[in-house]
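Number of protein chains: 6
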Amino acid sequence: MIYLTRRYDFSASHRLYNPDFSDEKNWAVFGKCNNPNGHGHNYELEITVKGQPDPRTGLIIDLAEFNQQVNSRIIDLLDHKDLNRDVSFMADQIPTSENIVIAIWNELVPYIPAPATLHKLRLMESRNNYAEYQGASLLR
Amino acid sequence: MIYLTRRYDFSASHRLYNPDFSDEKNWAVFGKCNNPNGHGHNYELEITVKGQPDPRTGLIIDLAEFNQQVNSRIIDLLDHKDLNRDVSFMADQIPTSENIVIAIWNELVPYIPAPATLHKLRLMESRNNYAEYQGASLLR
Amino acid sequence: MIYLTRRYDFSASHRLYNPDFSDEKNWAVFGKCNNPNGHGHNYELEITVKGQPDPRTGLIIDLAEFNQQVNSRIIDLLDHKDLNRDVSFMADQIPTSENIVIAIWNELVPYIPAPATLHKLRLMESRNNYAEYQGASLLR
Amino acid sequence: MIYLTRRYDFSASHRLYNPDFSDEKNWAVFGKCNNPNGHGHNYELEITVKGQPDPRTGLIIDLAEFNQQVNSRIIDLLDHKDLNRDVSFMADQIPTSENIVIAIWNELVPYIPAPATLHKLRLMESRNNYAEYQGASLLR
Amino acid sequence: MIYLTRRYDFSASHRLYNPDFSDEKNWAVFGKCNNPNGHGHNYELEITVKGQPDPRTGLIIDLAEFNQQVNSRIIDLLDHKDLNRDVSFMADQIPTSENIVIAIWNELVPYIPAPATLHKLRLMESRNNYAEYQGASLLR
Amino acid sequence: MIYLTRRYDFSASHRLYNPDFSDEKNWAVFGKCNNPNGHGHNYELEITVKGQPDPRTGLIIDLAEFNQQVNSRIIDLLDHKDLNRDVSFMADQIPTSENIVIAIWNELVPYIPAPATLHKLRLMESRNNYAEYQGASLLR
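Chains as they are written, first to last, in our numbering: chain L, 1 to 140; chain W, 1 to 140; chain S, 1 to 140; chain B, 1 to 140; chain H, 1 to 140; chain U, 1 to 140.
Okay, structure coming up:
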């Protein structure tokens, strides 16, 4: 098995808060990430797929198709957007790194070009903070 | 002369638009940076001061005082904030990198601990884009 | 399971040698890391915890408590210190990356805020060299 | 078990194409990587070995011997070379990241200084693209 | 004056040699960069323009036009190319960083969108090596 | 004029203190950098030379000679050393970034291979802190 990882960038804003919490509780739980007008990040998304290299090409994936799927289904929907208000697949979710990376997995997993399969996602919110997820591939 | 540079991070959201422009003109000028709900960045600010090392300390600046001034007057006001709505010294300005770096200069220049003086600011909006400014020190 | 990683910095000095070895053997085994007066590094520590996001917060960990534990039990004891002489939990150990990362695990593992658990540590001594450890969680 | 990773750099050129494909098919599969005169990269190779630290040294590997093996068997043969024409262990292979990382594994695995063993290789072709491989250690 | 810098990537191969030199002299002058089949790099190009922010936009340059000029006149001609054989504006020049950065300046300087002007170019061949040039703007 | 920069790494330990100060004053001025047993850094040194490319080579400097001078006169004397005790050209100086970069300039300036001349030094103590110096070239 070979694991191939490609990195993508997007810039987005978000605010962490739970509308069911009091203001006090929101500040206690989320700290400055609860600032009412939001803040933002240069996110980096690393997508790892696994497979066997095709002996005719030495590649495990059709990169043109892969990039087209990632950009149209994920990056174009997140880049230069507000994660609380602009992204339908994040609706009604608190946009923590944890929740974003799970949501991206669920959006992307059916569209990885066969025979490769999705192995892992890493979402870096900043140089000091990242979340990783290896979800089920059952949706395939 | 020795030039000493210190780097600071802040995460913020912004939206580029001019309320005097039509929607069409805002999109033509600012592109996706005009997204109505904003987006965000992990900004990096490099502050360069210049001076002669004090022969008793080998330092050109009192770092504790410098950090205190930078954090209280700049970073605490920008970090985890919306640059369009939360920052009084950016009021009525379009928060481009160019305008932000000039505004930071004007806020910071009177408070650099003597005998060092402010030499240059670099504001990195992302790995691919940064603005630099060397303003007047006359305010001193 | 979500894996969340946070990065911390500390600057420290160390010297690699075994007092039971001859000088010749110390140089043969440790090379220039055996320099008698020591040398130093900007270390980076990546701490990975795992858990399920709390559905009310989208978070797997109380970050304020986590940071407080990491800083008071690890970073404050290592930053701007000599790893051979200043760190009680490294006493009588050769401060290789391998030994430091195991010692940090043992110090930190009882204090990860539940229900998250410690998953992995990565200690980068330089851009070209890092050690990783996944120890037992039995101490919990 | 401790995992120790060391990073190495090499600069090389390559061209992706299959001589059994038509020109049209080569362009369709490999895109601009099929440019007839080739192109190049600053590759980064991360080599991860695993083992138990020797209680007398705190090390899992004899670093001098390790560096000597990696440099003489891998880096010296790849650095400032054309991967299609200059590297005997890549002969008759399409120099994709996938194929290069497998070939490096097979060259390196017999020469890791015992008792450490080779655990993983990561080959970064650029900041946005890397391949990882964990092959068999049976050759030992 | 504000200085705005944008970073671009391209991957290319090259070989350093002077056809008027003997083989021995080529090796003596260029070392391993003289390898007959060439080698390659992930180049980074930083382009710095200067100007006054337009008070209506806060910008010193029309970024869409700027990117279009840089990509069509420079990056598309260099990316995934052989600098010795594929680039007409490098014909009959030894593709050192020094010569490449001067050639890029001459190609780019007439096309910077007014009223901004080209200020400086930095070409990074690797993390350890870069060339900078501030040529004349007379061509404008 | 072309400016060529090459980057070098060294790891060293140091302690900031002035023996003429009281303990209290040393802590007040130098903070945790005054820790008695010292601490350390992975320093990065960027050396910028300027010159005209030789039309026969496209180079402004003989890189083999340059590297030999930098390594033997600077890097070999600083790497894996204690800057307070092991470096003769730092004797009786407080090893701040400011003082180190001036001392390196004075050591290096007579040995830059002509016709290139030394233009600037940048010494990075960490990702967040660097000193730059452009001294006189009179020693030549």
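C-beta atoms are modelled at their ideal positions from N, C-alpha and C, and glycine is treated no differently.
Near residue i, which residues of its chain fall below 7 Å by C-beta distance, leaving aside the five closest residues on each side in sequence?
i        : result
H/Ile61  : Leu4, Val49, Gly51, Pro113, Ala116
L/Phe89  : Ala103, Glu107
H/Glu125 : His41, Tyr43, Ser97
S/Asn35  : Arg15
U/Leu77  : Val87
B/Ala91  : none
L/Phe27  : Reading off the sequence, residue 27 of chain L comes out as Trp, not Phe. Within the same chain, L/Trp27 has close Cβ partners Asn34.
Leaving out five residues on either side along the sequence, give the residues of the same chain with a beta carbon under 6 Å from the beta carbon of residue i.
i       : result
U/Cys33 : Leu16
W/Ile39 : One point to set straight first is that residue 39 of chain W is His, not Ile, in the sequence displayed. Correct list: empty, nothing qualifies.
S/Gln93 : Asn99
W/Gln69 : Tyr111
H/Phe10 : Tyr43, Ile75, Leu78, Asp79
So, helix, strand or coil for residue i, using DSSP?
i        : result
U/Asp23  : helix
U/Leu16  : coil
H/Asp76  : helix
L/Asn42  : strand
W/Ala28  : helix
S/Ala91  : coil
B/Ala131 : strand
W/Ile47  : strand
L/Ser137 : coil
U/Ile100 : helix
L/Leu4   : strand
S/Leu121 : strand
U/Cys33  : helix
Taking C-beta pairs closer than 8 Å, name the residues in chain S that residue i reaches, listed in chain order.
i       : result
U/Asn71 : Within chain S, no residue comes near U/Asn71; the closest Cβ sits about 14 Å away, beyond 8 Å.
B/Pro53 : Thr96, Glu98, Asn99, Ile102
U/Ser11 : His39, Gly40, His41, Ser126
Taking the alpha carbon of residue i as the reference point, which residue from the options has its own alpha carbon closest?
i        : options                               : result
H/Asp82  : B/Arg7, B/Ala12, B/Glu44, B/Gln93     : B/Ala12
U/Asn42  : U/Asn67, U/Gln69, U/His80, U/Pro55    : U/His80
L/Leu45  : L/Thr96, L/Asn67, L/Arg122            : L/Arg122
B/Phe66  : S/Phe21, S/Val29, S/Gln134            : S/Val29
L/Pro95  : S/Ala131, S/Tyr8, S/Asn129, S/Arg56   : S/Arg56
L/Gly58  : B/Gly135, B/Phe10, B/Ala131           : B/Ala131
S/Leu118 : S/Tyr133, S/Arg85, S/Ser22, S/Arg127  : S/Tyr133
H/Arg6   : H/Gly31, H/Ser22, H/Asn37, H/Leu63    : H/Leu63
B/Ser137 : B/Asn129, B/Asn128, B/Lys120, B/Trp27 : B/Lys120
L/Asn37  : W/Gly135, W/Arg85, W/Ala91            : W/Arg85
W/Ile2   : W/Pro53, W/Trp27, W/Leu78             : W/Pro53
Under 8 Å between beta-carbons, which chain L residues line up against residue i? List them in chain order, please.
i        : result
S/Ala114 : The contacting residues do not exist; S/Ala114 stays about 16 Å from chain L at best.
For residue i, which residues in chain B fall below 8 Å Cβ to Cβ?
i       : result
H/Ser97 : Those within 8 Å of H/Ser97 in chain B number zero; the least Cβ separation is about 13 Å.
Name, please, each residue of chain H whose Cβ falls closer than 8 Å to the Cβ of residue i.
i       : result
B/Arg85 : Asn37
At 7 Å on the CB atoms, spell out the chain H contacts of residue i, in chain order.
i       : result
B/Asn42 : His41, Asn42, Ser126
B/His80 : Lys32, Cys33, Asn35, His39
Against residue i, what residues of chain L qualify as contacts under a CB-to-CB distance less than 7 Å, listed in chain order?
i       : result
S/Arg56 : Asn18
B/Val29 : Thr57
Note down, in chain order, every chain U residue with its Cβ under 9 Å from the Cβ of residue i.
i        : result
S/Glu131 : Before going further, note that residue 131 of chain S is Ala rather than Glu in the sequence given. Result: empty, since nearest Cβ-Cβ is about 16 Å, beyond 9 Å.
Chain U partners of residue i, CB-CB under 7 Å?
i      : result
W/Arg6 : Asn128, Asn129
Chain U partners of residue i, CB-CB under 8 Å?
i       : result
S/Ser88 : The contacting residues do not exist; S/Ser88 stays about 13 Å from chain U at best.
W/Ile2  : Glu98, Val101, Ile102, Ala131, Glu132, Tyr133
Using C-beta distances below 8 Å, list every residue in its chain close to residue i, excluding the 5 sequence neighbours before and after it, in chain order.
i        : result
W/Arg127 : none
B/Phe21  : Val29
U/Asn129 : Ser97
Give the interface partners of residue i over in chain S, defined as CB-CB distance under 9 Å, in chain order.
i       : result
B/Ile74 : Neighbours of B/Ile74 on chain S: none; closest Cβ ~15 Å, over 9 Å.
Residue i versus chain W: which residues are under 8 Å apart at the beta carbon?
i       : result
H/Ile60 : Glu98
Counting only Cβ pairs nearer than 7 Å, list the residues of chain W close to residue i.
i       : result
H/Ala64 : Gly31
Could you confirm whether any beta carbon from chain C is found closer than 8 Å to the beta carbon of residue i?
i        : result
U/Asn128 : Looking for chain C here will not work: the only protein chains present are L, W, S, B, H and U.
Determine contact between the region 101-121 of chain L and the region 1-19 of chain W, defined as no fewer than three beta-carbon pairs at a distance below 8 Å.
The region 101-121 of chain L is not in contact with the region 1-19 of chain W.
Would you call the region 105-112 of chain B and the region 71-86 of chain B in contact, with 3 or more CB pairs under 8 Å?
These segments touch.
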